[in-house]
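Asker: Just passing along the structure, written as C-alpha cells.
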Amino acid sequence: MPRTRGEQVSQLVTASESDTPEVAALRAGIAALAEGDFRRRIHEADLLVHLGMPDLGRDMCHAFIADHAPQVAEDSDLFDVVLSVAFRTRDLDGLADYLRTIYGARVEFRFESVENSFNMTGVVRWTLNRDGSAAFTFQDNIFVHPYLDVIVRHWGQELPLLLYYQGLPDVPPGEVLLSVEDHGTLPGLMYCGGPAPEFHLIPDPIFLAGNGYEEVKRTYGSPGIPWQERRPTAFWRGTTTGWHDCRGEPLEHWRDLPRIRLCELGTTAAGADLLDVGITGVVQVEDPSAVAEVERSGLMKRPTPWRDFQARKLQIDIDGNTNSWPGLFMKLATGSPVLKVASPGGFRQWFYDRLIPWYNFVPVAADLSDLLDKVAWLLARDEVAHQIGRNGQLLADSMTKRGEMVLAERTIRAAFAQAGADRRDAWKQAVGL
Numbered sequence: 011m012p013r014t015r016g017e018q019v020s021q022l023v024t025a026s027e028s029d030t031p032e033v034a035a036l037r038a039g040i041a042a043l044a045e046g047d048f049r050r051r052i053h054e055a056d057l058l059v060h061l062g063m064p065d066l067g068r069d070m071c072h073a074f075i076a077d078h079a080p081q082v083a084e085d086s087d088l089f090d091v092v093l094s095v096a097f098r099t100r101d102l103d104g105l106a107d108y109l110r111t112i113y114g115a116r117v118e119f120r121f122e123s124v125e126n127s128f129n130m131t132g133v134v135r136w137t138l139n140r141d142g143s144a145a146f147t148f149q150d151n152i153f154v155h156p157y158l159d160v161i162v163r164h165w166g167q168e169l170p171l172l173l174y175y176q177g178l179p180d181v182p183p184g185e186v187l188l189s190v191e192d193h194g195t196l197p198g199l200m201y202c203g204g205p206a207p208e209f210h211l212i213p214d215p216i217f218l219a220g221n222g223y224e225e226v227k228r229t230y231g232s233p234g235i236p237w238q239e240r241r242p243t244a245f246w247r248g249t250t251t252g253w254h255d256c257r258g259e260p261l262e263h264w265r266d267l268p269r270i271r272l273c274e275l276g277t278t279a280a281g282a283d284l285l286d287v288g289i290t291g292v293v294q295v296e297d298p299s300a301v302a303e304v305e306r307s308g309l310m311k312r313p314t315p316w317r318d319f320q321a322r323k324l325q326i327d328i329d330g331n332t333n334s335w336p337g338l339f340m341k342l343a344t345g346s347p348v349l350k351v352a353s354p355g356g357f358r359q360w361f362y363d364r365l366i367p368w369y370n371f372v373p374v375a376a377d378l379s380d381l382l383d384k385v386a387w388l389l390a391r392d393e394v395a396h397q398i399g400r401n402g403q404l405l406a407d408s409m410t411k412r413g414e415m416v417l418a419e420r421t422i423r424a425a426f427a428q429a430g431a432d433r434r435d436a437w438k439q440a441v442g443l
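Heads up, the sequence shown stops at 443 in the working numbering, and the numbers go up one at a time, no gaps.
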C-alpha cells in the first residue's frame with residue numbers, strides 16, 4: 011500500500027478504470043508529462059475532480075497555486091486548468107489568493123440563484139466597492155452549463171482587463187453585468203452584441219489571451235508572402251457553426267446555414283474560378299443523417315493552417331454563432347482585402363466602428379447576392395485590392411493588447427454609469443417619483 015498522500019494520488023490516477031473520453035484524454039495528457047514535471051500536479055487535481063473526488067482535487071489545486079503562482083501567470087494553459095478545477099469544486103478561495111498575489115487585487119467570488127424569466131447562466135455580476143475591492147457573482151446554474159469550461163475560460167482570459175480597470179485611481183463604486191457567452195443579451199459589458207446603446211463592447215478574451223494576436227501579426231508582417239505571389243482567389247475555411255439563416259431566422263435545414271450557402275456558391279459555374287471555400291468540420295448538427303449529408307455534399311475540404319491564409323489575394327469573413335472573433339482580425343492582418351459578409355444578427359465587436367467600407371474592408375450582403383461580383387471586381391483591379399488589404403492590415407497592426415485595454419476604460423466607465431442610472435430610475439419608479 012502507498013504510504014504518502016502523493017503516492018496515494020499517483021496510484022489512484024493510474025489505477026482508475028474510467029473509460030469516458032474526457033477522463034481518457036486527461037489521463038493521456040498526464041502520461042505525456044515527465045514524472046518530475048510540476049504541471050502534473052494540477053492535471054492530476056483536474057482528473058480527480060472528474061473522477062468524483064472534488065475535495066482532494068480542490069486541496070491539490072490550492073497547494074499548486076500557492077507553490078506555482080508565477081508559473082500559472084505565465085502559462086495560459088495552466089491557468090485554464092486552475093479555473094476548471096476551481097469552478098468544478100465550487101471553491102474559489104485559492105483563485106482569490108492567486109489574484110491577490112499576481113495582481114494585488116482584492117476579489118471576492120459569490121454564487122446566487124436568480125428566479126426570473128431571463129437566462130442568467132452566462133452573465134456575471136461585477137461589483138466594485140468603495141474600498142477598492144471587487145466581487146464577481148455567478149449564478150448557481152452555471153455548473154450545469156453545457157459549455158462551462160468555455161465560458162469560464164473566456165471570463166478568466168478577460169480578467170487582465172477587468173483587474174486593470176479595478177486598479178485605476180478614482181474608479182467609482184458600482185455594479186454592472188458582464189456577458190461571458192458568445193454574445194450579450196442583457197444590458198452591460200460583452201464581447202459581442204447588437205448595435206443597441208446599452209450593449210457596451212470590450213475586447214474579446216481571445217484577443218487578450220493572444221496578446222493582441224501578436225504572433226499572427228508577426229507572421230503576416232514583413233516579409234510575409236509578397237502580394238504578387240498570392241493566388242487570385244477568395245478564401246474561406248470553417249465549421250458549420252451558426253444558429254440562423256441569411257435573414258436572421260432560425261435554421262430549418264442545414265443547407266440554410268450561411269456558411270453552407272457560401273460553400274455552395276463555390277461549386278457553381280460562376281463561383282468555381284473565384285472562390286476557394288470549404289467546410290472543415292461538422293459541428294452543432296445533431297441528426298446523424300444530416301451529418302452524413304454534409305459530409306457527402308462535396309463541400310468538405312481539408313483544414314488550412316492559419317499561417318497559409320496569406321497565400322490568397324482575397325479573404326472572406328462570415329458569421330458562425332456570432333461574429334468570428336479571431337477570424338476577421340486574422341484576415342485583416344494578412345494584408346489581403348477582407349470581404350465581410352453582413353451579420354444577419356447585427357452582431358458587432360468593440361473595434362467595428364473603425365471598419366470603413368471600401369477603405370479597409372469590402373462589405374458583402376448577408377444573402378451573398380453580391381459576393382461573386384465584388385470578388386471579380388477586386389481581382390480585376392489589383393492595385394485597388396492591394397491598397398484595401400494594406401489598409402486592413404494597418405488597422406489590425408494598430409490594435410495592441412495594452413492599447414485596447416486603455417481605450418476600453420471609457421467603455422467600462424460608461425457601462426457602470428448606465429447601470430447605476432438604470433437602478434436609480436427603477437428605484438424612482440418603485441417609490442412613485
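Don't be surprised by glycine CBs; every beta carbon is placed ideally from N, CA and C.
1. Starting from the Cα of residue 252, find the closest Cα among 239, 266 and 86 and give me that residue.
2. Taking three-plus beta-carbon pairs below 8 Å as touching, is the stretch 191-203 in contact with the stretch 405-414?
3. By Cβ distance, which residues of its chain are closer than 7 Å to residue 96, with the 5 residues on each side in sequence left out?
4. How close, in whole Å, do the beta carbons of residue 223 and residue 345 come, if the pair is a contact with beta carbons under 8 Å?
5. Rounded to the nearest angstrom, how far is the Cβ of residue 94 from that of residue 162, given a contact under 8 Å?
6. Would you please state the rounded distance, in angstroms, between the beta carbons of residue 351 and residue 366? I believe it to be under 8 Å.
7. Smallest Cα separation from residue 116: which of 175, 38 and 287?
8. Quick check: the Cα distance between residue 191 and residue 428, rounded to an integer number of angstroms?
9. Among residues of its own chain, excluding the 5 on either side of residue 319, which ones have a beta-carbon nearer than 6 Å to its beta-carbon?
10. On the criterion of 16 or more Cβ atoms from any shown chain inside 10 Å, does residue 408 qualify as buried, or is it exposed?
11. What first and last residue would you give for the beta strand (DSSP E) that runs through residue 350?
12. For residue 30, does the count of other Cβ atoms within 10 angstroms reach 16, so buried, or fall short, so exposed?
13. Out of 342, 187 and 376, which has the shortest C-alpha to C-alpha gap to residue 268?
14. Less than 8 Å between the beta carbons of residue 444 and residue 211, yes or no?
15. Could you tell me the distance, in whole angstroms, from the CA atom of residue 127 to the CA atom of residue 133?
16. One question on the structure: do residue 112 and residue 88 come within less than 8 Å of each other, judged by their Cβ atoms?
17. Near residue 444, which residues of its chain fall below 6 Å by C-beta distance, leaving aside the five closest residues on each side in sequence?
18. In chain order, what residues of the same chain have a beta carbon less than 7 Å from the beta carbon of residue 342, not counting five sequence neighbours either side?
19. Just list the residues that DSSP pairs residue 138 with in beta bridges.
20. So does the stretch 61-76 actually touch the stretch 140-155, counting three or more Cβ pairs closer than 8 Å?
21. Could you check how far apart the C-beta atoms of residue 250 and residue 304 are, in whole angstroms? I think they sit under 8 Å.
22. Is residue 189 helix, strand or coil by DSSP?
23. Which ranges would you report for the beta strand (DSSP E) in the stretch 93-134 if only whole runs of at least 3 residues count?
24. Residue 426: buried (16+ other C-beta within 10 angstroms of its C-beta) or exposed?
25. Find the nearest neighbour of residue 324 within the set 314, 336 and 241, judged by alpha-carbon distance.
26. Pull up the distance between the alpha-carbon of residue 273 and that of residue 288, whole angstroms please.
27. Take the Cβ of residue 164 as the centre, count every other Cβ of all protein chains shown within 10 Å, and call the residue buried at 16 or more, exposed below.
28. Rounded to the nearest angstrom, how far is the Cβ of residue 243 from that of residue 322, given a contact under 8 Å?
29. Have a look at the DSSP bridge pairing and note the partners of residue 149.
30. For residue 357 and residue 214, I'd like the C-alpha separation in whole angstroms.
31. Between the stretch 382-391 and the stretch 330-339, do at least 3 Cβ pairs fall closer than 8 Å?
32. Judging by CA-CA distance, which residue of 264, 418 and 361 is the nearest neighbour of residue 178?
33. Hey, how far is the Cα of residue 208 from the Cα of residue 36?
34. Once DSSP output is grouped into helix, strand and coil, what is the label at residue 254?
35. Is it right to say residue 219 is buried, meaning 16 or more other beta carbons lie within 10 angstroms of its own, or is it exposed?
36. Would you tell me roughly how many angstroms separate the C-alpha atoms of residue 254 and residue 263, rounded to the nearest one?
Answerer: Taking the structure as given:
1. 266
2. no
3. 71, 102, 104 and 105
4. Actually they do not touch by this definition, with Cβ atoms about 14 Å apart.
5. 7 Å
6. The pair is not a contact, with the Cβ atoms about 17 Å apart (cut-off 8 Å).
7. 175
8. 21 Å
9. 344
10. exposed
11. 348-351
12. exposed
13. 376
14. Any question about residue 444 goes unanswered here, given that the chain covers just 11 to 443.
15. Low confidence applies to residue 127: its pLDDT is 40, below 50, so where it sits in the model is not reliable, and the reading given next is rough at best. The alpha-carbon atoms of residue 127 and residue 133 are separated by roughly 14 Å.
16. no
17. As shown, the chain starts at 11 and ends at 443. That puts residue 444 outside it, with no answer to give.
18. 348, 402, 403, 405 and 406
19. 144 and 184
20. no
21. 7 Å
22. strand
23. 117-122
24. buried
25. 241
26. 6 Å
27. buried
28. 5 Å
29. 122
30. 13 Å
31. no
32. 418
33. 41 Å
34. strand
35. buried
36. 10 Å
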